[in-house]
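Undergrad: To start, I am sharing the structure in question, which I have written as structure tokens.
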Amino acid sequence: MFFLDILSGVLLLVGVFFGFTGALGLFRFPDFFTRVHAASVTESIASILILTGLMLQTQFDLNTAKLIFILLFLMITSPTASHALAKSARHGGLLSIPESKKKKENS
Amino acid sequence: MAVLIDLVLLSMLALTALRIIFLKDLFAVVMLFGIYSFLSALIFINLDAVDVAFTEAAVGAGISTVLMLSTLALTGRKEKESKHSSILPFLVVTVTGAALIYGTIDMPPFGDANNPIHQHVAPRYIEQSPVEVGLPNMVTSVLASYRGFDTLGETVVVFAAMIGVLTLLSVRRKEDDEAPDSGLKSHRVLHVVAKIIIPFVILFALYVQFHGDYGPGGGFQAGVIAAAAIILYALVFGLPMALRVISPKFLQILAPLGVLLYASVGIYSMFMGGNFLDYNKLAHDPVHGQHYGIIIIELGVGITVFAVMLSIFYAFASQAERRNVS
Amino acid sequence: MIGVLATVCIAILVVMGLALARACYADTVYDRILGVNMFGTKTVLFIAAVGFLMGRPDFLDIAIVYALINFIGMIAVLRFFEYIAPIE
Chain Z
0 MFFLDILSGV LLLVGVFFGF TGALGLFRFP DFFTRVHAAS VTESIASILI
50 LTGLMLQTQF DLNTAKLIFI LLFLMITSPT ASHALAKSAR HGGLLSIPES
100 KKKKENS
Chain X
0 MAVLIDLVLL SMLALTALRI IFLKDLFAVV MLFGIYSFLS ALIFINLDAV
50 DVAFTEAAVG AGISTVLMLS TLALTGRKEK ESKHSSILPF LVVTVTGAAL
100 IYGTIDMPPF GDANNPIHQH VAPRYIEQSP VEVGLPNMVT SVLASYRGFD
150 TLGETVVVFA AMIGVLTLLS VRRKEDDEAP DSGLKSHRVL HVVAKIIIPF
200 VILFALYVQF HGDYGPGGGF QAGVIAAAAI ILYALVFGLP MALRVISPKF
250 LQILAPLGVL LYASVGIYSM FMGGNFLDYN KLAHDPVHGQ HYGIIIIELG
300 VGITVFAVML SIFYAFASQA ERRNVS
Chain C
0 MIGVLATVCI AILVVMGLAL ARACYADTVY DRILGVNMFG TKTVLFIAAV
50 GFLMGRPDFL DIAIVYALIN FIGMIAVLRF FEYIAPIE
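Chains as they are written, first to last, in numbering that gives the first Met the number 0: chain Z, 0 to 106; chain X, 0 to 325; chain C, 0 to 87.
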């Protein structure tokens, strides 16, 4: 049990670290598409690590099943939402940094 | 720890509210309202009011956001500049606020064990409901059994809301087939993901419906979640497809059916020699009778809420699409 | 173990605060949506962690609802933008 506790603690802390870097990326990255990248990539790894860490805390019963369900659900919906958002932004005419530079040079 | 979390959440709530006041872009306001609902639901969770948090998350953050967005599609995104001077409203607000704060001075101290609320009916529910009703989730016992008449009233109010919305906005389906860009057609990924997820959402709604006796949940929440599943379908595949799956006519039958199911349990218990909604008379063993009664009326509530939420969404969305086409 | 869970809860609250700041003060609408979406997913994780911190695993049901509602809200917003009120 002791070993599992340590493992779960490590997973939780690493997960939180990734979540934090993702939030930082929301502010620090230069254009929208890189920000989506920062948010979605770190977010999915953070969810995996934190939820797995919590799973090791359970007695492997209904709660574990619920956590697995949440994890699967997030794994499906969260990248989809990021993808759809980026695609929408593209559709709406938002440009990445190299493209907007090129546009400036041309005009 | 709980106090610290409460303080952080409350300060975030206050910041969001202040930001909402100063924003002119109504779309941003709707998004922040979603966050506001999430935050207030988190505070409810922290206060251990799990059922309330459930409802707030499903209704406040889910359905209201969708309905407000549909309204914005009809009215436009920018708030109009007001031409009136703001001194009089400011005075009124200040006076009202001061009166309210003055009113709280008379209230019993927060969290005191001697408050009337902890003395009057709550002890009776806590002590007697395991014997009289026998459900692990006491909130459901109070809501569906002790306060069954109030809940019937709430269900009727929800039903009345649907009648109100449908008299103002009608669901149009004749020309909907001509709508060119209905649904997120270019999003292939979304189509696949929605197809995978929707069955599980409906399954989860059924879990919430029938697990409400044992854990957080019940008819209201389940109805909203099931409606959310169909709304997701309508958003991704387009309103005409959703209208073909569940037609507005069907919903208009379903909504009164739920209310009638609820009321008929009451009438049946009168036939069996009890009072209106006296579940003890439904079976030989009073506790079994309570269980049957609660399951049936929760089902009635769930059906009505599902039908009403979905009809209101249909009404708003079909108006928005018609405007988009013309 | 309680110490680790408490740390995790506080850290997630900080991340939520950052996402909230992004949603409140955004350059473009899409940044705002991104902030709101991130806030939603972090809330799911927060509820799960708080449930374990307080020894109330009932909270997991609500975490599921949050994940679901967050996704539906997101789709509704995108739909609104792409077909009903596109950005100039």
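No residue lacks a Cβ here, since even glycine has one placed at the ideal position from N, Cα and C.
For a contact meaning CB atoms closer than 7 Å, what does Ser46(Z) contact in chain C?
TA: Simply Thr40 and Leu44.
Undergrad: So which of Met240(X), Phe203(X) and Ser36(X) has the shortest CA-CA distance to Gly218(X)?
TA: Of the listed residues, the one whose Cα sits closest to Gly218(X) is Phe203(X).
Undergrad: Find the nearest neighbour of Ile74(C) within the set Lys65(Z), Ala85(Z) and Ala64(Z), judged by alpha-carbon distance.
TA: Nearest option by C-alpha distance: Ala85(Z).
Undergrad: Just how far apart, CA to CA, sit Ala112(X) and Arg123(X)?
TA: About 15 Å.
Undergrad: Step through the CB atoms of chain X and report whether any lies within less than 8 Å of the CB of Ile75(Z).
TA: True, the Cβ-Cβ gap to chain X drops below 8 Å.
Undergrad: In angstroms with no decimal places, state the Cα-to-Cα distance between Phe59(Z) and Leu53(Z).
TA: One C-alpha to the other measures close to 11 Å.
Undergrad: Counting only Cβ pairs nearer than 8 Å, list the residues of chain X close to Ala48(C).
TA: Under the 8 Å cutoff, chain X gives no residues; its nearest Cβ is about 11 Å from Ala48(C).
Undergrad: Which of the residues in the segment 195-214 of chain X, read from start to end, lie with their CB under 7 Å from any CB of chain C?
TA: Listed by position, the residues of the segment 195-214 of chain X near chain C (Cβ gap below 7 Å) are Val200, Phe203 and Gly214.
Undergrad: Relative to the C-alpha of Met161(X), which residue among Arg18(X), Gly299(X), Ala306(X) and Ile4(X) is closest?
TA: Looking at the Cα atoms, Ala306(X) is the closest of the given residues.
Undergrad: Specify the secondary structure class of Ser325(X) as computed by DSSP and reduced to three states.
TA: Reliability fails at Ser325(X), whose pLDDT of 48 lies under 50, so the model's placement of it is uncertain and the value that follows must be treated cautiously. Three-state result, Ser325(X): coil.
Undergrad: Could you tell me which of Ala282(X), Ala262(X) and Tyr261(X) sits nearest to Met362(X), measuring between CA atoms?
TA: Only positions 0 to 325 of chain X appear in the structure, and residue 362(X) is not among them; the question remains open.
Undergrad: Between which two residues does the alpha helix (DSSP H) holding Ser63(X) run?
TA: Element bounds for Ser63(X): Ser63 to Thr74.
Undergrad: Using only alpha-carbon positions, find the residue among Leu276(X), Phe43(X), Lys23(X) and Ser140(X) that is nearest to Val2(X).
TA: When each option's Cα is compared against that of Val2(X), the closest is Phe43(X).
Undergrad: For Asp343(X), list the residues DSSP reports as bridge partners.
TA: This structure leaves residue 343(X) out entirely; chain X is present only between 0 and 325.
Undergrad: Once DSSP output is grouped into helix, strand and coil, what is the label at Asn114(X)?
TA: Correct three-state label for Asn114(X): coil.
Undergrad: Nearest to Ile195(X) by CA position, among Ala221(X), Thr166(X), Ser185(X) and Val235(X), is which residue?
TA: Among Ala221(X), Thr166(X), Ser185(X) and Val235(X), the Cα nearest to that of Ile195(X) is on Val235(X).
Undergrad: Pick out whichever of Asp5(X), Met30(X) and Ser69(X) has its Cα sitting closest to the Cα of Ser39(X).
TA: Minimum Cα distance to Ser39(X) is reached at Asp5(X).
Undergrad: My understanding is that Ala5(C) touches Met308(X), with C-beta atoms under 8 Å, so please give their C-beta distance in whole angstroms.
TA: With a Cβ gap of about 38 Å, Ala5(C) and Met308(X) do not count as contacting.
Undergrad: Ordered along the chain, which non-local residues of its own chain (more than five positions away) have a Cβ less than 6 Å from that of Val200(X)?
TA: Around Val200(X): Ala228.
Undergrad: Just mark Leu71(Z) as buried or exposed, buried being the case when its beta carbon has 16 or more other beta carbons within 10 Å.
TA: The residue in question, Leu71(Z), is exposed, as its Cβ has fewer than 16 Cβ neighbours within 10 Å.
Undergrad: Which same chain residues, not among the five before or five after His210(X), have their C-beta less than 7 Å away from its C-beta?
TA: Gly216, listed in sequence order.
Undergrad: Can you tell me where the alpha helix (DSSP H) holding Gln220(X) begins and where it ends?
TA: Note, Gln220(X): alpha helix (DSSP H), Gly218 to Phe236.
Undergrad: Is the shortest distance between the beta-carbon of Lys65(Z) and the beta-carbons of chain C less than 8 Å?
TA: For Lys65(Z), the answer is yes, since a Cβ of chain C falls inside 8 Å of its Cβ.
Undergrad: Between the segment 14-40 of chain C and chain Z, which residues of the former have CB atoms less than 7 Å from a CB of the latter, in chain order?
TA: From the segment 14-40 of chain C, only Val14, Leu17, Ala18, Arg21, Thr27, Tyr29, Asp30, Ile32, Leu33, Gly34, Asn36, Met37 and Thr40 have a Cβ closer than 7 Å to chain Z.
Undergrad: Could you check how far apart the C-beta atoms of Ala22(Z) and Ala18(C) are, in whole angstroms? I think they sit under 8 Å.
TA: About 6 Å; that satisfies the 8 Å criterion.
Undergrad: Excluding the 5 residues preceding and the 5 following Thr57(Z) in the sequence, name in chain order all residues of the same chain whose CB lies nearer than 8 Å to its CB.
TA: Same-chain partners within the cutoff: Thr63 and Leu66.
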